[in-house]
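**Q** Let me begin by handing over the structure; questions about it come next.
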């Protein structure tokens with residue numbers, strides 16, 4: 011009986027050891043390892059963290075804002091590897107981000123996004139990352155797509171577009187939208 015009570019207390023408290031979900035060596039020639047860690051299971055949710063070396067930070071500002079489910083993690087790109095994460099967190103939309111290590115500029119870069127559907131395309135170059143989500147007629151625009159853009163040295167941009175960006179100078183990656 012005592013064992014059952016302790017087991018139930020452990021399950022309810024959500025305390026369990028952190029587990030590594032995925033790792034990605036982001037960048038081109040010089041790469042940086044970034045890991046996805048989750049812990050504190052509660053029902054079908056976990057609190058998610060990014061870890062680089064010994065530094066571990068919640069996905070979003072706080073641990074509670076980083077509690078999510080249906081989280082999809084992908085490490086993609088041929089010449090320039092990036093980590094892309096999307097999932098159901100505290101917002102009324104799918105939230106996510108891309109972590110890149112551009113060959114132009116210093117340090118890891120992060121591009122955040124939030125849409126009704128998961129991103130379908132990612133465009134990569136030495137100094138730029140673009141994330142494209144289809145709107146399917148939902149949301150704040152009549153355009154077919156919403157494009158999130160990070161250019162090294164500039165402010166991040168979001169724009170509604172009806173056509174996919176041109177391929178010139180980019181590697182285009184088709185993203186998975188299915189959570190395994």
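In the numbering used here, the protein residues as written are 11 to 190. The C-beta atom is built at its ideal place from N, Cα and C for all residues, glycine as well.
With 16 other CB atoms within 10 Å as the buried threshold, where does residue 148 fall?
**A** exposed
**Q** Quick check on the DSSP output: what are the complete beta strand (DSSP E) runs of length 3 or more inside the stretch 83-124, in order along the chain?
**A** Those beta strand (DSSP E) runs which fall completely within the stretch 83-124 and span 3+ residues are 92-98 and 104-110.
**Q** Where do the ends of the beta strand (DSSP E) carrying residue 176 lie?
**A** In this chain, residue 176 is not harboured by any beta strand (DSSP E), its DSSP state being neither H nor E.
**Q** Who does residue 35 pair with in a DSSP beta bridge?
**A** 43
**Q** Which value, in whole angstroms, describes the spacing of the CA atoms of residue 60 and residue 152?
**A** 34 Å
**Q** How is the beta strand (DSSP E) around residue 167 delimited, first residue to last?
**A** The continuous beta strand (DSSP E) containing residue 167 extends over residues 167-171.
**Q** Would you identify the three-state DSSP class for residue 54, choosing helix, strand or coil?
**A** coil
**Q** Taking the continuous beta strand (DSSP E) assigned at residue 161, which residues delimit it?
**A** 155-161
**Q** Flag residue 132 as yes if its beta-carbon sits less than 8 Å from any beta-carbon of chain C, otherwise no.
**A** Reference to chain C is not applicable here, since this structure consists of a single protein chain.
**Q** Roughly how many angstroms lie between the CA atoms of residue 38 and residue 180, to the nearest whole one?
**A** 14 Å
**Q** Got a sec? Which residues, its chain only, sit under 8 Å from residue 29 by beta carbon, not counting five neighbours each side?
**A** 47, 48 and 49
**Q** What are the boundary residues of the beta strand (DSSP E) that includes residue 134?
**A** That run of the beta strand (DSSP E) goes 131-134.
**Q** At the level of alpha carbons, what is the spacing between residue 74 and residue 81?
**A** 15 Å
**Q** Among the candidates 165, 183, 185 and 156, whose CA atom is the shortest distance from the CA of residue 173?
**A** 156
**Q** What does the Cβ neighbour count give for residue 119, buried or exposed, with the cut at 16 atoms within 10 Å?
**A** buried
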